[in-house]
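Numbering (this note's numbering), first residue to last: 1 to 226. Worksheet for the structure shown next.
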């Protein structure tokens, strides 16, 4: 009888141990499944974030490209013949325009008092603009400040009909047509006007050149400036 009781309890202990092993194994499997599911969820979230980030970057690049194209088109359509602000002038001077268009824009800005007249009368318009900035800041003295009052640049456009008037203003009297014969003014390649005058005997007596700003230069019969 004692042997039977001992055998019964031994069996119960073995069954209990097996049950604990099964429970432990089941718990382990559950933990592994939970970890696998968590890794899958993390992977899905990571891919979703990457996709959203790529979409946002692509959208930003497209917007930037559209803005650049729009800005380039706007700069090409600027009115270089009538410049009324400095920002427009800068865009033209350093933009995709011909040098002739840049010169026109610069002269227009000077006429509209956007910038002062620079000391560079020949060369690229950008050099004249930089000279204007130096004059404006006081780093450079304008050559026009040193001109006599009777030879200041004029706002009036010089042409064939009034070039003689500029010379008479320069001389302070009307031209002496009784003593000299004055040739018809000629428009020179640099935009200035020039003409010579002769004695009644037909000998060259001298000449005048009036630049596009109305400033007069006088030369004697040997071509030497007086």
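For each residue, glycine too, the CB sits at the ideal point set by N, CA and C.
Contacting residues, own chain, Cβ-Cβ under 8 Å from residue i (five flanking each side not counted)
i: residue 125; result: 93, 99, 102, 103, 105 and 106
i: residue 219; result: 206, 207, 208, 209, 225 and 226
i: residue 112; result: 82, 83 and 84
Start and end residues, alpha helix (DSSP H) containing residue i
i: residue 132; result: 125-137
i: residue 207; result: That residue, residue 207, is in no alpha helix (DSSP H); its beta strand (DSSP E) goes 204-210.
i: residue 88; result: 86-93
i: residue 170; result: 163-171
First through last residue of the beta strand (DSSP E) which encompasses residue i
i: residue 218; result: 216-220
i: residue 180; result: 180-182
i: residue 213; result: Run containing residue 213: none; DSSP gives neither H nor E here.
i: residue 97; result: Per DSSP, residue 97 belongs to no beta strand (DSSP E) and is neither H nor E.
i: residue 199; result: 193-199
Cα-Cα separation, residue i to residue j
i: residue 199; j: residue 79; result: 49 Å
i: residue 140; j: residue 173; result: 35 Å
i: residue 151; j: residue 206; result: Low local confidence applies: a pLDDT of 48 at residue 151 is under 50, so the model's placement there is unreliable, with the coordinate-based value given in what follows. Answer to the nearest angstrom: the Cα atoms are 19 Å apart.
i: residue 87; j: residue 114; result: 10 Å
i: residue 116; j: residue 222; result: 36 Å
i: residue 214; j: residue 165; result: 10 Å
i: residue 170; j: residue 163; result: 11 Å
i: residue 204; j: residue 193; result: 18 Å
i: residue 211; j: residue 77; result: 31 Å
i: residue 130; j: residue 191; result: 22 Å
i: residue 85; j: residue 142; result: 21 Å
i: residue 95; j: residue 176; result: 50 Å
i: residue 97; j: residue 202; result: 49 Å
i: residue 186; j: residue 132; result: 30 Å
Contact check, residue i vs residue j, beta carbons under 9 Å
i: residue 209; j: residue 188; result: yes
i: residue 167; j: residue 216; result: yes
i: residue 135; j: residue 118; result: yes
i: residue 122; j: residue 160; result: no
Own chain partners of residue i with C-beta closer than 7 Å, once the 5 adjacent residues on each side are dropped
i: residue 25; result: Here residue 25 scores only 48 on pLDDT, less than 50, and its place in the model is too uncertain to base an answer on.
i: residue 180; result: 197, 198, 199 and 205
i: residue 182; result: 175, 195 and 197
Own chain, CB closer than 6 Å to residue i, minus 5 neighbours either side, in chain order
i: residue 82; result: 108
i: residue 128; result: 106, 118 and 120
i: residue 178; result: none
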